[in-house]
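Numbered per my numbering, the sequence shown finishes at 905, counting up by one with no gaps.
For every residue, glycine included, the Cβ atom is placed at its ideal position computed from N, Cα and C.
In what follows, a structure is listed as structure tokens, so that the remarks can point back to it.
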Amino acid sequence: MRATVLRTQTSAAARRPGRLILTGLAILVASFVVFGAVLVQQITERTVRDNLSGTPAVTDLVIGSVDVPPPTVADVRQIRAVPGVAEAVARVATGVSIGEGYLNLQSDPGSGPLTTVRVIEGSYPDQPGEIAITPRTAERLGLSVGTTTSGTGGEVTSPAPLTVTGLVDAARDAGYDAYAPDSAVIGWARLTAVERVDVRVAPGTSTDAVRQRVTAAVAGQPIRSGAEVREAEANAAAQQVGKLFILVGMFVSIAVVAAALVVTSTFRIVFAQRMRQLALLRAVGAGRGTLVGALTAEGALTGLVAGVVGVASALTLGYALPAILRATGHEVSSPGLPLAAAVTVVIGAVVITVLAVLAPALSAARVSPLEALRTASTTAGRRGIGVLRLIVGLILAVGAILAAVATISQLPKPDQSDYDPSRPLLLLVASGALAFFALVTLGPLLVRPVLAVVGWPLRQLGPLGRMSVGGIGGAPRRAAAVSVVVALGVTLISGVVIGGASLQILADREMALAAPTDFEVTGNGGTLPPAVVTRAEAARGALARVVPYRMVGDATLLRAADKLGDVESGYPTSDLDLAALPSTGDLDVAQGTLADRGPGRIVLSSWVARDAGLRAGDTVTLAVATGRVDVRVAAVLPGDGPLHAGILADPADLDRIGVPAAYTGLLADAAGAGEDGRTAGVRALRQAIGGSDGVGLAVLADERDRNDSLVRTLVWIAVGLVGLTVLIAVVGVGSTTALSVVERVRESGLLRAIGLSRTGLRTMLTVESGLYGVIGATIGLVLGIPYAWLAVQTLGIEAPLTAPLLPLAGLFVALVGLTALAGVLPARRASRVSPVVALGADN
């Protein structure tokens, strides 16, 4: 009997491959995602290895290492004299100050197999004092081919001339890159050592023989093959990729759990549709164990088919996509053929499906043989949950609350400097996991009250709305199983959106302190010539605003005759006008208000306030060597002060204590947008600086752009990863709706028979599908917002909780739209069935 039942169930499933794929669709998608992640990691690592090595492919030997003293210039000469050495290039870089700017001067032959740059204008240098620069460097520094400037660097302490002979295209262009042959760099900077030496062996010469000769010539220097160095460079980059994919694996694991929940719900529907058949098997002698085994085998077959199809689909796309990208000019490597990973994913799909089918199989096997007398082949799902499940769910919910309370108790206190986020983060993850499993357990009880609220507007629209809400409310366990997966995805995405917005505000605040404008001009420890400030203020066509300031580094705070704080040299103090800066609105205060700053009132950074023991409203004496003045603390910032100032004082107070009137720096913004506006601003400031000695220019906007790009990239990566769970949820909604359409064929026929149009039936079923998204998104937002707040606070980064209403509303609408869209095809299928055929169907 056992073999007969097993053969009957599996052959019936095999005869209906469409139903088989639909049942395991979530596992198919999960298998595709998991194996796709494996292939993407391989593609990324291979691309990094093939394209991101800084050592040319023709390099045979590399002499030198960071772990030992570097090769000397004399070593370079000896290496070049070794028989069999076709070319030896010394790699070295030195910083060069050119008065109003900075250059990173790097050695490169400029031509031949070992070069890393390509001349695009002019000629490559061949003498000390000649350089080639990148296009962005030329724009930023106002240099062109034929221009001569002067600078100091290396062992050169007095300005020496530098002539630009050409422009080069390099792998990176940060806006301060210059190149010259190693002999020119060594000669100009008067260097005695280099970082390493790249050697190309002459054709037809044994590399091992040359290596032995070089070892004898420069004893004590480590010698590696070019392949070893390229492999090490590639491994270093690939290691970062591996760390990223550890995070990817965490989110993929969440998606797999979501797929298992969807499959469990799907099998409940499938088995409910076959209750009369299962009862007939019981009536003819099949035991419960036999049915459980047969249904589990059906699940295993479903997992096997879904896993194979998912892996095959991922493999096809994994090979096709790099080929397409290469055809469009992108350097993307193809993956390998990870057979072990493919087999593991397929086996995992089978195991997860078997585990997911156990609970529905045990429930279905309890069917009574008398159910064979039913006129319909389906049976309605249970609406409630058992006492044991209720108790377990309540225990999980209480555990989640207690873990959240414990997390809150571990949050950092104000001004706490030794905060370790490890333990509260662990408690937060535990709380979130317990809350999710509590939601899975108690979901059927939560669906009806949530549906009563979110479904109220639909019920007011007439019979179609009431039937749509009733269709969901009539099967709360099914609705809960699908909506919980949607809720999981929404919780994760809303947490990422809220956390990302909070992180962006924190980044804006940090940039308002470190890079409040596009440019900064400083006297490098001295004062700015008055003419520099005057010319900068006159350049209104290129600069939107110019804000000069003074900075002193030895201000102290006194109370009576007692010095406050432990800093011996004093606090850096500035009279920077915050009201003139566009980023002032991004600043936050821990105490007091910035608007209260003025004559006799100062603003302190948090570390100065903590060191001096001061709070907003306290009265103190601000003192320098030339004088002192009584002031009141108007506000305390939560972190550092703008431009790392510890104290912000009013200009009148600095005048009263004898600080010289000459400015030590100025801030400015570009009048135009984009790179062109920024370049025009740089040129205007360089003209303002002229030939002033010791005056430097920094482009703060580049740092701000890098910071903004990093934050945006992190947020989008996180949204993409948690989107995997949403994808699984949408697939679950579609498969659940499709199977429920089959289950309710007679109901649909009856509705059509009493006058409901095809459009009305399609609308009703599509709205039902969308309600899964409404319920899940509502629950997800209710959980996501508080957990996002806890996550931000737990990290200890002092970022404010921000709930971006428009993105969250867009998320809600998008999820509802996607889940409704998932029900469109099943609804169209149901509407095309004739009422006569539907009423005569036995499902």
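How about VAL407 and SER93: do their beta carbons lie closer than 7 Å?
yes
Could you check which residue in ALA264, ARG252, VAL259, ALA294 has the C-alpha nearest to that of GLN283?
VAL259
Going by C-alpha distance, which of LEU488, ALA251, GLU192 is nearest VAL218?
ALA251
Take ARG275 and list the residues in its own chain whose beta-carbon comes closer than 6 Å to its own, dropping the five residues that flank it on each side.
VAL144
From the DSSP output, read off the bridge partner residues of ASN166.
GLY157, ASP239
At the level of alpha carbons, what is the spacing between PRO869 and THR178?
45 Å
From ARG330, GLU149, ALA99, residue whose alpha carbon lies closest to that of ALA542:
ARG330
Using a 10 Å radius around the Cβ and a threshold of 16 neighbouring Cβ atoms, would you call GLN522 buried or exposed?
exposed
Considering GLU192, what are the terminal residues of the beta strand (DSSP E) in which it resides?
192–195
Taking all protein chains shown into account, do 16 or more other C-beta atoms lie within 10 angstroms of the C-beta of VAL449, making it buried, or fewer, making it exposed?
exposed
Taking only three categories from DSSP, how would you classify ARG766?
helix
If we ignore side chains and look at the alpha-carbon of each, how far apart do ARG894 and ARG820 end up?
7 Å
Using DSSP with H/G/I as helix, E/B as strand and the rest coil, what is GLN653?
strand
How many angstroms separate the CA atom of GLY562 from the CA atom of SER771?
12 Å
Compare the beta carbon distance of SER169 and VAL247 with 7 Å and say whether it is the shorter of the two.
yes
Work out the CA separation of VAL318 and ALA427 for me, nearest whole Å.
26 Å
LEU666 - DSSP class collapsed to helix/strand/coil
strand
Proximal residues to ARG694 (C-beta, below 6 Å), its chain only, five neighbours per side dropped
ARG663, THR681
Three-state secondary structure (DSSP) of GLY351
helix
Within 10 angstroms of its Cβ, does ARG740 collect 16 or more other Cβ (buried), or is it exposed?
buried
Hey, could you find the ends of the alpha helix (DSSP H) GLU599 is sitting in?
592–600
Can you look up SER212 in the DSSP assignment and give me helix, strand or coil?
strand
Cutting at 6 Å between CB atoms, please list the residues of its own chain near PHE874, excluding the five before and the five after it.
ALA839
Within 7 Å, strictly: CB atoms of ALA696 and PRO661
no
GLY266 versus VAL371: straight-line alpha-carbon distance, rounded:
51 Å
Would you please state the rounded distance, in angstroms, between the beta carbons of VAL552 and GLY846? I believe it to be under 8 Å.
6 Å
Which one of GLU582, GLU630, VAL629 has the shortest CA to CA distance from PRO610?
GLU582
Take GLU830 as the anchor and find which of SER268, ARG528, ILE409, PRO474 has the nearest alpha-carbon.
ARG528
Backbone CA spacing between LEU229 and THR211 [nearest angstrom]
15 Å
Quick check on the DSSP output: the alpha helix (DSSP H) that includes ASP692 runs from which residue to which?
No alpha helix (DSSP H) holds ASP692; the beta strand (DSSP E) holding it covers 689–698.
According to DSSP, simplified to helix, strand and coil, what is SER754?
coil
Could you work out which residue in LEU554, THR646, VAL263 is closest to ALA150 when comparing CA atoms only?
VAL263
Please tell me whether VAL256 and VAL226 are closer than 7 Å, where the distance is taken between their beta carbons.
no
Starting from THR825 and walking both ways along the alpha helix (DSSP H), at which residues does that stretch end?
820–856
Helix, strand or coil: how does DSSP classify ALA53 here?
The structure shown does not extend to residue 53, since the chain is modelled only from 63 through 905, so no value can be given for it.
Keeping to the same chain, check which residues put their C-beta closer than 8 Å to that of VAL937; ignore five residues upstream and five downstream.
Missing from the structure shown is residue 937; the chain here goes from 63 to 905 and no further.
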